[in-house]
Amino acid sequence: MWLHQKGTYQPNCYKGDSWDAAVCPDPVTCAANCALDAGNAGDYKSTYGVTSQGGSLTIDFEESNANGKNVGARLFMMKDASSYQMFQLMGQEFSFTVDVSALPCGMNGALYMVDMDEDGGMAKYPGNKAGAAYGTGYCDAQCPHDIKMINGQANMLGWDKNPNDPNSGTGSWGSCCSEMDIWESNSQAQAVTPHVCSGGATSGGSFKCNGTACGDDSKGERFKGLCDKDGCDLNPYRFGVKSFYGNSSSFAIDTTKPFQVVTQWITSDGSANGDLTEIRRKYVQDGKVIETPQVSVGGKQYNSVTDEFCVGQKKAFNNTNSFSQKGGLKAMGEVMKRGMVLVMSLWDDTSVNMLWLDSTYPPVAPGATPPPGNVSRTIIAGIWVAFFQE
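Written out as C-alpha cells, the structure reads:
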C-alpha cells in the first residue's frame, strides 16, 4: 500500500526506507497527516503482480512497475467493501486447490488464518480511517515490526532500515495475534502449524506490543513474548519423511501438478462448540485421496497435530514448548470460535532463507548457501469451507 500526504499524492509520508519527519513528527500526527492508498487504482496486476479469475488467485513474487519493483504480496478475503470475511472452522474442514510447481526452495506460498478485527480495527482506533478496505489491522504470531500503521498510529518510533530490503524497515512496535498456518509451502516442503498467544494478545484483533511482550529474537526474548512464534508444526520433511512431497512423480504428492489440500479441525464433541483436540491433513491428486504419512516422534507414530504430538515434537527437537505453555490446541480453538481472517501471501525469508521449512535449521554446515528463490509463482484455486462431522 502507498502512504502519502492527505489531499495530495506527493510527497510520500514514507520515502524509500525512512519516514518524512516534516509530516511525521510523532505516531499520532503522522496518522492524521497521511492517507493509505491502494496505488494504481486497484490495478493489482501491474502494481503487485496479483491476478484473479473466477475462484482462482495467482500471485507473482516480483512485479516491476512505474515506481520500481514490488516484492511479495499479502492479500485478504473480504466479505464486503468494508469487512473481512470471518471464518469459523471448528468441527469443519477447509479445502483448496494449489499449484506450487514454480515455487522453489527458499520461498513460501502461504494460506493462513489470523485473529484480526473484522473491520480492520476502525471501530477500536479513531486514528484508523482506512479499515479493512485498505488491508489494515494485520497481525500474526511473529508480532511483526515492519507494519507501518498499527492500531491507528504510525510505527515510526525507533525505526531501523532493513539492510536486505531497500523499501522496508522495523519500528519499536509489533502487531501480535494468534495464527493458524493452514498452508506454508513451496515445491519441496509444506507444513500445517497452529500458533497461540497469551495475555493481551488473546482479546481479539491486533495487540500493539512493545519491548519484551514482542518476544524479539534480536534481544534474546523469543520465548518471553506473548505469542508462540515456533508453533507446533506437522512437516513430514522435517521428521525425515522425504519421499512424501516433491517435484517429481516419484513422490506421493507430485508438486509439478496441482493438487487439493484438505484440513480438518476435530473437536472433543464433534460440534463447533467443543474443544479443539486434533488437526488433520489430507490431500487429493489425480482423483486419489492421500493421507498425511505417519511420522515417528519419541517412539510413537503420528499423522496429525494433537497436544500429545506437540509435546513429543518439542522434546524430540529439544525445543522450548511455548505452544503448550500458552494453552495448546484448546487455546487455538477458542480463537477460531470467534472467527479468523483468511490471508494469502507469497514471501521470501531474508532472515534465515526459509531453512526452517525446506532444509536443516540451524544449518549444520557453516557457510552453507541456501538454494536460490528468484522466479516464483503460486496459484490458489477453488477455496471453500465444508462442514465436517466425524
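Each residue of the sequence shown is one higher than the last, beginning at 217 in our numbering. Just so you know, even glycine gets a beta-carbon here, dropped at the ideal spot from N, CA and C.
query	result
Anticipated Cβ contact below 8 Å, Gly447 with His411, distance rounded	4 Å
Distance between Gly387 and Lys364 (C-alpha atoms, nearest Å)	8 Å
First through last residue of the alpha helix (DSSP H) which encompasses Ser391	Looking at the DSSP string, Ser391 is not in any alpha helix (DSSP H); the run it does join, the beta strand (DSSP E), is Trp389 to Cys392.
Closest Cα partner of Cys526 within the set Pro241, Ala349, Ser487 and Val408	Val408
CB-CB length for Cys246 against Ala346, believed under 8 Å	Rounded, the Cβ-Cβ distance is 14 Å, inconsistent with contact.
Which listed residue (Asp253, Asp276, Ala248 and Ala237) has its alpha carbon closest to that of Thr352	Asp253
Cα-Cα separation between Asn402 and Lys458, rounded to whole angstroms	14 Å
Ala407 (DSSP reduced to helix, strand or coil)	strand
beta-carbon Arg554 near the ligand MN non-hydrogen atom, thresh 7 Å	Questions concerning the ligand MN fall outside what the structure shown contains, since it holds no ligand whatsoever.
Entirely enclosed beta strand (DSSP E) segments - the segment 508 to 559, minimum 3 residues	511 to 513 and 516 to 518
Tyr260 (DSSP reduced to helix, strand or coil)	helix
Three CB pairs or more closer than 8 Å across the segment 295 to 305 and the segment 523 to 543	no
Proximity of Val244 and Gly343 at Cβ, strictly below 8 Å	yes
Whether Gln476 touches Glu309 by CB criterion (8 Å)	no
Residue from Met548, Gln541, Tyr225 and Ser234 whose Cα sits closest to the Cα of Asp381	Ser234
Anticipated Cβ contact below 8 Å, Ser484 with Ala326, distance rounded	Not confirmed; about 29 Å, so no contact.
Span of the beta strand (DSSP E), counted from its first residue to its last, around Ala251	Cys250 to Asp253
Sequence-distant residues of the same chain with beta carbon closer than 7 Å to Ala349, five excluded per side	Ala297 and Ser298
Helix, strand or coil at Ser434 according to DSSP, with G and I counted as helix	helix
Neighbourhood of Asn378 by C-beta, 6 Å cutoff - its chain only, sequence neighbours within 5 removed	Ser384 and Gly385
Nonlocal neighbours in the same chain, by C-beta distance under 7 Å from Met372, ignoring five residues either side	Trp235, Cys240, Pro243, Cys246 and Gly387
For Tyr300, the residue or residues it bridges with in DSSP	Met294
Asn249 vs Lys231 beta-carbon contact at 8 Å	no
CA-to-CA distance, Asp502 to Arg438, given in whole angstroms	42 Å
Of the listed residues Ala468, Pro474, Asp470 and Glu507, nearest to Asp315 (C-alpha basis)	Pro474
Short Cβ contact (8 Å threshold) for Asp331 with Gly421	yes
Boundaries of the beta strand (DSSP E) in which Ala326 is found, first to last residue	Met323 to Val330
According to DSSP, residues forming a beta bridge with Trp399	Leu327
Whether Ala468 touches Ile495 by CB criterion (8 Å)	no
Beta strand (DSSP E) segment containing His220, residue limits	Trp218 to Gln221
Nonlocal neighbours in the same chain, by C-beta distance under 6 Å from Tyr453, ignoring five residues either side	Ala405
Opposing strand residues paired with Ala370 [DSSP bridges]	Met365
Per-residue DSSP class, three states only, for Pro586	Summary for Pro586: the model assigns pLDDT 42, below 50, so the residue's position carries little reliability; its value from the coordinates is reported in the next sentence. Correct three-state label for Pro586: coil.
Residues near Val424 by beta carbon distance below 6 Å, same chain, minus five either side	Note on residue identity: the sequence assigns Lys, not Val, to residue 424. If we look at Lys424 and ignore the five residues flanking it on each side, its Cβ neighbours are Ile366, Asn367 and Trp389.
Rounded straight-line distance, which links the Cα of Trp399 to that of Val478	10 Å
Trp375 in three-state terms, based on DSSP	coil
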